[in-house]
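Inspection log for the structure reproduced underneath, given as structure tokens.
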Amino acid sequence: MSPPQASASHKWASSQFIGGSKFTSSYNHGTHKSCCVCGHLRLPKKWVTTATYGRIIASASKNCWLCTVLPRAIDHFFGPTKTRIAHLVMEDDEIEIIRHTSTAEPLIIGVSFWSEGKQCYERLRCFAGEGSFDHFPKLSELSPDFTLSNVVDWALEKIEKCKSSHRLCRGGLESDQVPVLPSRVLDLSTTNDGEFDTIRLWETHGSSAKYIALSHCWGGVEITCKTTRTNIQQRMNDGFLVSELPLLFQQAVDVAKGLGVLYLWIDALCIVQDDIYDWEVEASLMANVYSNSFLTIAATRANNSLQGMLGTRNVAGFTGAVQPLEYHYIDNPNGPSIVAHRDFSGTAHRTMTEKGLNNAAHIKEGEPFGATSPLMGRAWVLQERVFSPRTLFLHFAELFLECDQCITCECGMASPNLRPTRRITSLSMHDIEEQWSLLVWRYSQLHLSNPSDKLPAFSGIASAFKDYFKDDYLAGIWKTENLDYFAAQLAWRVWRKGFGIQTKPGEHSAYRSVPYRAPTWSWASVDHKQNPEIPLRILPFHGSPPAAEGLQIARANCTVSGANPYGEVTSGYLEIRGKSTAANLCENRCSTGGQIPWHESWCLDILDKDTQCNLLSLDVALQLDQMDSDGFAFTTVHLLLILQDIGSRHDARAIVLIASKSSPASFERIGVADITGGYGNWPLCTFQIV
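Under my numbering, the first residue of the sequence shown carries the number 636, and numbering increases by one thereafter.
And the structure:
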């Protein structure tokens, strides 16, 4: 029999019966001894206990408030009316109760039982319901709309808590150091005449004040109100009407004013969009723009500036396999009530967790970034998130505030101990190197409307690392004095989920950028067709193996095209000396000797038969241009040893080179190979790679 529903006054259905017996409780947790099953959650540290389902029911009959509500939650989700688990939890099935040290973490209920001949384990996350309870957080009900007052009130409350109690966060309004403003900001204080509100573009000349930055998606829509060389002077002198702005920008003005901040930075309005020099200079300063902001507003629910970020909540606005969680309200007249839901991926929080914003254990790994939000899949937004001290996300279903210490969500479910990236100022040099590699990996999965922005959109991140690497920046690679790390940077590979080597000749989903963007030894030289089902990523080498014996970097250089030293490049080369041998990249060979086929169309025939290939990963599609006596196509390549001892003492990584057709006496990188065996006897050779 299905449990009857709660009264309509509750948003969540309430189970009233367990196994046909109604539970009642007159327990007052302030006057009774601790329960021998749950301890009434009064233990000071993280606590885990187990008890049988029957023992919990017995404790409930003795008026333990928690043991009263837990069986009702278990019965609702795992009882016989649930088709996914067609088995009632039995009296001798084991229940695990997990209470975390932090009162911001929900109570976890683990249920072990047998179903259809298999042992199962499911978890419930429990939050406080009506009334106050200080042992785990309250799950908030959300209003049906994002109104300006709702957004402002919630954001002010969370920002105040961030400023007053977060050790890792900066002070904001009360900080002794008022940040330097960007080169230009929108002055929102000029006039206030209702529908005739006017704002002014202000050239700050190094002035200091509190300001907000907007992170938004251009979305292929022409922004007609953007600042140009034609209108910039008028905008600075006379200002312009807020009503002339697209809806998203108007709402950003309203939110900033509501938060009491009178300066706003929007890229389309504060950068001269038809001035290449201004654009390059400002792009190189993005780290400062976002790191100095009081708050970044991320309009994650808007596809473009014509769409607003306020309005009706829309869980259905998610794309992909996202379903709302089923919540269940369990009333307890004589003690705290709780709200429970099953702990599995499928909620609005997927965008804030699964998509690269944290690493919650219950969220699936391996999904592409930004699949549920246009903004979160945008390459430019990575540096905005990395540097902003606080970001307010206005998402389809609810609000999130991310700061240096935690992620807070409007409904109260997000974990308080999650932060996607650590500030590099607090890291060791080894951790800085690891953080750089992680950011390259994340960035490679994001989308660019204009592929030529690949280096400029990463330039803010690069500029922030300059003080730590203290060396030349070469199109995404740091020419460090640490040869081991420089070699590791050159050892990146293209990775696509589910494939060792990518497809047949000519069918590779990655390709060399056209027009020219970067030398082939840089990860920035590779583009790929965006396919969320089969994500393609740049995989930096993870770990700290030594550079290969005999490896030397003679010269390395890149020529930038404009005013941004971390932006677009017009040419580049790397002169490098190391151990090398020749090989044939072949089609349709058997796996013998030095050959290893990672796809039926490929194998690497290393001429040194003492060396075997364990992994071959090509960067781009390659047409084999020679034919052997047996009629098999092949092309001659060279293996240049880069790293050694990568997995064991006998494993190494080499980059795969091919003679350049566009630059005589030079070579181009086409992939990497992990090898084992006799590479120690390879001769030393010098290559110029372009």
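Cβ atoms here follow ideal geometry from the backbone N, Cα and C, with glycine treated the same way. All figures in this text were calculated on a predicted structure; none of them were measured in a lab.
- Distance check between R802 and each of L880, S926, C1041 places C1041 closest, using alpha-carbon atoms only.
- Of all alpha-carbon atoms in L1029, H711, V890, the one lying nearest the alpha-carbon of A937 is that of L1029.
- Residues S1215, T1216, A1217, A1218, V1291, L1292, I1293, F1302, C1320, F1322 of the same chain have their beta carbon placed closer than 8 Å to that of H1273, with the five preceding and five following residues left out of the count.
- DSSP places Q942 outside both helix and strand once states are collapsed to three, so it counts as coil.
- Taking all protein chains shown into account, D902 has 16 or more neighbouring C-beta atoms within 10 Å of its C-beta and is therefore buried.
- Counting only residues of its own chain and dropping the five nearest sequence neighbours on each side, G1178 has no CB closer than 6 Å to any other CB.
- The Cβ-Cβ distance between L920 and R1025 does not fall below 9 Å.
- Counting only runs of at least 4 residues, the stretch 1069–1107 fully encloses the following alpha helix (DSSP H) elements, listed from N- to C-terminal order: 1094–1104.
- Rounded to whole angstroms, P1181 and Y1314 show a C-alpha spacing of 15 Å.
- The count of Cβ pairs closer than 8 Å, one atom from the stretch 1012–1027 and one from the stretch 860–878, stays below three, leaving the stretches out of contact.
- Beta-bridge pairing by DSSP links W1113 to Y1108.
- Nearest Cα to G874 within the set D822, D1107, Q908: D822.
- Runs of the alpha helix (DSSP H) lying entirely within the stretch 822–891, each at least 4 residues long, are 867–872 in chain order.
- The residues K793, L1027, T1043, in chain order, have a CB closer than 6 Å to that of L1036 in the same chain once the five nearest residues on each side in sequence are set aside.
- About 7 Å separates the Cβ atoms of G1207 and A1153, confirming a contact at the 8 Å cut-off.
- In the DSSP assignment, E1184 forms no beta bridge with any residue.
- Counting along the chain, the unbroken alpha helix (DSSP H) around C797 starts and ends at 783–800.
- C1038 is bridged by DSSP to R1025.
- In this model, C702 and E729 are separated by some 14 Å (Cα to Cα).
- Relative to Y688, the option among P741, T1205, D1280, D710 whose CA is nearest is D710.
- Inclusion of I1310 and C1248 in the CB contact set at 9 Å is warranted, their separation being smaller than that value.
- By the beta-carbon neighbour count (other beta carbons within 10 angstroms, threshold 16), R1190 is exposed.
- Beta-bridge pairing by DSSP links T1216 to L1274.
- Of P814, A844, L1010, V1204, the smallest CA-CA separation from S1157 is found for V1204.
- For S1252, the enclosing beta strand (DSSP E) has its first and last residue at 1246–1253.
- For the options S1084, E1068, V1149, I1281, the alpha carbon positioned closest to that of G1111 is the one of E1068.
- Sixteen is the threshold: since fewer than 16 other Cβ atoms of the shown chains lie within 10 Å of the Cβ of Q868, the residue is exposed.
- Setting aside the 5 residues that flank it on each side, K1114 is surrounded in the same chain by D1106, D1107, F1121, A1191, each with a C-beta closer than 7 Å to its C-beta; the list follows chain order.
- By the neighbour-count definition (other C-beta atoms within 10 Å, threshold 16), I1241 is a buried residue.
- Q1018 carries a helical assignment under DSSP once its states are collapsed to helix, strand and coil.
- Taking the C-beta atoms as reference points, L705 is found no nearer than 9 Å to A693.
- With a beta-carbon spacing of about 45 Å, P1200 and T947 fall beyond the 8 Å limit used to define contacts.
- A residue is called buried once 16 or more other Cβ atoms fall within 10 Å of its Cβ, and M1011 is buried on that count.
- A direct Cα-Cα distance of roughly 26 Å separates S1063 from Q1187.
- Counting along the chain, E731 sits inside the beta strand (DSSP E) bounded by residues 729–734.
- For T685, the pairing in a beta bridge is given by DSSP as E731.
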